[in-house]
Amino acid sequence: MSAGRGPSGVARRAIRTTLCACGAFYVCLYGLDRPVAATYALFAVVSMAALSRIPGTGGQRAAVLVRTLPAVWLLLTAGTFLAVRTWTAVAGMLVIGFAIAFVAAAGPRAAGAAPGLQLLYILPCFPPYAPDTLDQRLGGATFGLILLILAEKFILPEPRGTTYRELAAGAAGTAARFAAELGRPPYALPAAEVEAARRTGESLRPLHVEEAERPAGPGLRDRALAHTGLGARTLLGRLVILPPPPPGEPPLRTAQQLLETVGRTAAETGALLAGTGRATAEADALRRLREEVREAAARESQPVPEVRGRRRAALLEVADAAVAFATAAELAVRGRRAPLPPGTDSGRFWYAGRHAPRLWWHRLAAHAGPRSVHFQNAVRISLALAAARTLAGVESLPHGFWAMLAVLSLTRTTVSQTKATVRQALAGTLLGALLAAGVLALVGGHTTVYAVILPLVMLVAFTVGPVRGVGWAQGMFTLVVSFVFAQLAPVTWRLAGVRLMDVIIGSMVGVVFGLLAWPRGAQAELHRAVALLLAREAETVEATTAAVVAGRRDTDPDDRALQLALSLAESAYAQRQIEPRAPVAGAPDWQAAMITGHHVLWGSRRLLARAGPDLGPGNGERLSGRADGVAARMRGAAQHAATIPSADGSRGAGAAAVEPAAGAGECGDAAQVPEVVAPSEFFAAQAWLDSLTLDVERVLAPYRAPDPAGADPADSTGSTDSTGSTGSTGATGAAAPRPPRSA
6 MSAGRGPSGV ARRAIRTTLC ACGAFYVCLY GLDRPVAATY ALFAVVSMAA
56 LSRIPGTGGQ RAAVLVRTLP AVWLLLTAGT FLAVRTWTAV AGMLVIGFAI
106 AFVAAAGPRA AGAAPGLQLL YILPCFPPYA PDTLDQRLGG ATFGLILLIL
156 AEKFILPEPR GTTYRELAAG AAGTAARFAA ELGRPPYALP AAEVEAARRT
206 GESLRPLHVE EAERPAGPGL RDRALAHTGL GARTLLGRLV ILPPPPPGEP
256 PLRTAQQLLE TVGRTAAETG ALLAGTGRAT AEADALRRLR EEVREAAARE
306 SQPVPEVRGR RRAALLEVAD AAVAFATAAE LAVRGRRAPL PPGTDSGRFW
356 YAGRHAPRLW WHRLAAHAGP RSVHFQNAVR ISLALAAART LAGVESLPHG
406 FWAMLAVLSL TRTTVSQTKA TVRQALAGTL LGALLAAGVL ALVGGHTTVY
456 AVILPLVMLV AFTVGPVRGV GWAQGMFTLV VSFVFAQLAP VTWRLAGVRL
506 MDVIIGSMVG VVFGLLAWPR GAQAELHRAV ALLLAREAET VEATTAAVVA
556 GRRDTDPDDR ALQLALSLAE SAYAQRQIEP RAPVAGAPDW QAAMITGHHV
606 LWGSRRLLAR AGPDLGPGNG ERLSGRADGV AARMRGAAQH AATIPSADGS
656 RGAGAAAVEP AAGAGECGDA AQVPEVVAPS EFFAAQAWLD SLTLDVERVL
706 APYRAPDPAG ADPADSTGST DSTGSTGSTG ATGAAAPRPP RSA
């Protein structure tokens, strides 16, 4: 069970939250006689420990909380002064609410902290307008958060799981073993090793990695580490499909030397990632040897036989993958101190040496549009919160922030999910309100009773709620807030009715805006984004092949359209994982489509940087025909991806056939291509198209053999996956904002 998840993790979190919230509340209220400070101390802890879902161990969450303290102070100050008028509070909710939600594009930690930060702005933006109490508000919240930081760090700490660097280091060891195996007869990997490659690639898929360990942030090291994972999977894939030398002929000495250096580089990179080594000499040697092999190929009499040309091109693909893996790993370990070696593709590693603010801006700017699910989520929640604040101000709702808290904790990314959540929440709140009203009527104004039972009720609420669902969470939290406010001021049993009314109002607002603003969540956007991505991939394949055929070199190609399409597809896929899915069949393999995008980007840049001279009419026609076939398959997959299947798996009348009509015969198995002699550039491009053919086959595989249970392939654990924030796009992969714990 992952740290922080499951009963044991929930129990630890509940104990820490209860100790900090009650401790800070009692010290401020009974020790210092500061009810305002007590209120903010308690809700600061509840917001960042119960409403937020910051992933990771206690130490990792503590680090996030320390970094968010300045934001907390700013939000409390802004909320305090914007509460002067209803319209200023509403305007602030639109702007600040959008900004907080939109920052979720920066990764799972930012997304996890966002709901708590929203609450810490909501709390002071309600009457009374009391800027003179700002010092108490700031002091109470700071005191509560300091207790929470210490508790996360030292009370019931969770063990840290396997880090992504450790997983990548293990993949490097596997690659080194494969390289050694391929250097010995029969110069091919046995079935057991192929299966080991598949398992190793699976271990690097973000969905199989602890959320806190996923390299999904916008910073340099996170981008480089995501790039490292993609490089490791690419290297393993290239080694698995490396063609053997011609039958009866030993491998050439240069080929053996290149393969041995790849193995040593992988081992060296693994040591660097594991922290047991710092050297990069083998990676530098591989870069030099790779260039020597390319220069020797350029000097060699042209054209060359196909068997020789294809193996050399495949070996250079392996070397390129190993070099990219080593470069990304060095950036991940050393950060801005790691300079790019001469000859490195600066487009692939564009983020190297960049400062954090610029990388953050790049990430957020890439999602500043209506096609981004992060943008859609931010618009949805900010409009809903602003509407709830307007109702609370115009109607003068008592404890109106409870209505906004209901909006915040119950609104989901799909209207169906929101409706289901609201039904459970209202039932739980009703039962909690009835129980709270009975206790308030019986106990009356005896605050000592509330002080004694509050810790027990809070512990149960934060233990049972995350395990039993939103109904239990809302019911138990109704008891918690009732007993808290009963200690702050005299109350009657009617307080429970106010709580129920506010939750009903907030729930209805959430349902309305869930219906009006992108009600299908990421489902429609994922289909649209992946269809666009596949179309962009097809365009890039055709343009790159045309340039290679004509001998046009381009060291700085304009592939921004493909990068943007890839970033939007990755973020939509990440959000889709947290949304409920009806059991449908026939959706494409989303992960395969996205990893194909990375392979298109990498290969296109590599080929364009070394294109020339022109291939001549015969070889040019062969290569163009093959590229047309690959592009046709990509466009066929794009048409499928654009069609949202119904519950029975049907695609509708507009769905394309699985086999595209144009050019399909040109992208079959490589063995069907006639024996040719051609320049080295021909075989380099052909090796790239071969790998893309396999990628597209994975994209189309669900259409040919749909899951018998009708499961959505978004749940599948295929052999490919997007890597999150990668070196190619550098714009996404941030985990989608998960629904906050209900409060």
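Residue numbers (this note's numbering): 6 to 748.
Just so it is clear, CB atoms sit at the ideal spot from N, CA and C, and this is done for glycine as well.
All of these numbers come straight from a predicted model, not from anything done at the bench.
What do you reckon, are the CB atoms on residue i and residue j nearer than 8 Å?
i: ALA173; j: LEU209; result: yes
i: GLU218; j: GLY166; result: yes
i: ALA334; j: GLY511; result: no
i: ALA318; j: ALA616; result: no
i: LEU225; j: GLY97; result: no
i: VAL95; j: THR483; result: no
i: GLY50; j: THR22; result: According to the sequence as given, residue 50 is Val; it is not Gly. Yes. Within cutoff.
i: ALA276; j: GLY282; result: yes
i: LEU247; j: THR270; result: no
i: GLU273; j: THR285; result: yes
i: LEU114; j: PRO60; result: The sequence given here has Arg at residue 114, not Leu. Yes, these two residues count as a Cβ contact at 8 Å.
i: ASP619; j: ALA551; result: no
i: PRO220; j: ALA231; result: yes
Quick check on residue i: does DSSP put it in helix, strand or coil?
i: PRO310; result: strand
i: VAL496; result: coil
i: LEU263; result: helix
i: HIS379; result: helix
i: PHE488; result: helix
i: SER414; result: helix
i: ALA574; result: helix
i: HIS451; result: coil
i: ALA543; result: helix
i: SER609; result: helix
i: VAL89; result: coil
i: TRP523; result: coil
i: ALA661; result: Since pLDDT at ALA661 reaches only 45, below the 50 mark, its modelled position is unreliable, and the value read off the structure follows with that caveat. Coil at ALA661, not helix or strand.
i: VAL214; result: coil
i: SER208; result: helix
i: PHE48; result: helix
i: TRP407; result: helix
i: LEU194; result: coil
i: TRP366; result: helix
i: ILE59; result: coil
i: PHE354; result: coil
Can you list, in chain order, the residues of its chain with a C-beta nearer than 6 Å to that of residue i? Leave out the 5 residues immediately preceding and following it.
i: ARG170; result: LEU278
i: GLY145; result: CYS33, ALA42, TYR45 and ALA46
i: VAL102; result: Contrary to the premise, residue 102 reads as Gly rather than Val in this sequence. So the list reads SER387 and LEU390, once near-sequence residues are dropped.
i: THR233; result: ALA173, ALA333, ALA334 and ALA337
i: HIS372; result: ALA110, HIS379 and PHE380
i: ALA326; result: THR239, LEU240 and ARG243
i: GLY470; result: TRP477, ALA478 and MET481
i: ALA19; result: LEU464, PHE467 and THR468
Which residues in the same chain have their Cβ closer than 7 Å to the Cβ of residue i, if we skip the five residues on either side of it in sequence?
i: THR601; result: GLU542, LEU697, ASP700, VAL701 and VAL704
i: ALA495; result: Looking at the sequence shown, residue 495 is not Ala but Pro. Cβ within range, chain order: GLY450.
i: GLY63; result: GLU157, LYS158, PRO162 and GLU163
i: ASP564; result: THR545, LEU606 and SER609
i: ALA435; result: This sequence places Leu at residue 435; Ala is not what is there. So the list reads LEU505, once near-sequence residues are dropped.
i: ALA176; result: THR205, LEU209, ALA237 and LEU241
i: ALA566; result: ARG541
Tell me which same chain residues have a C-beta within less than 8 Å of the C-beta of residue i, skipping the five on either side of it?
i: PRO593; result: VAL535, ALA642, HIS645, ALA646, VAL704, LEU705, PRO707, TYR708 and PRO718
i: VAL516; result: VAL420, THR423, LYS424 and VAL427
i: GLY352; result: ASP561, PRO562, ASP564 and ARG610
My assumption, with CB atoms under 8 Å, is that residue i sits in contact with residue j. Please give the rounded CB distance.
i: PHE467; j: ALA55; result: 6 Å
i: VAL77; j: LEU125; result: 6 Å
i: ILE160; j: LEU24; result: 7 Å
i: VAL245; j: LEU194; result: 6 Å
i: LEU153; j: LEU122; result: So it is not a contact: roughly 14 Å between Cβ atoms.
i: LEU537; j: ALA491; result: At roughly 55 Å, the Cβ-Cβ gap does not stay under 8 Å, so LEU537 and ALA491 are not in contact.
Quiz item: Touching or not, the segment 621–634 and the segment 511–527, by the rule of three or more beta carbon pairs under 8 Å?
Solution: no
Quiz item: Hey, is the segment 538–556 in contact with the segment 438–455, meaning 3+ C-beta pairs nearer than 8 Å?
Solution: no
Quiz item: Hey, is the segment 134–152 in contact with the segment 75–90, meaning 3+ C-beta pairs nearer than 8 Å?
Solution: yes
Self-check item: Given 8 Å, three or more beta-carbon pairs between the segment 607–616 and the segment 503–510
Solution: no
Quiz item: Hey, is the segment 349–366 in contact with the segment 475–490, meaning 3+ C-beta pairs nearer than 8 Å?
Solution: no
Quiz item: At a cut of 8 Å, does the segment 177–191 reach the segment 341–351 through at least three beta carbon pairs?
Solution: no
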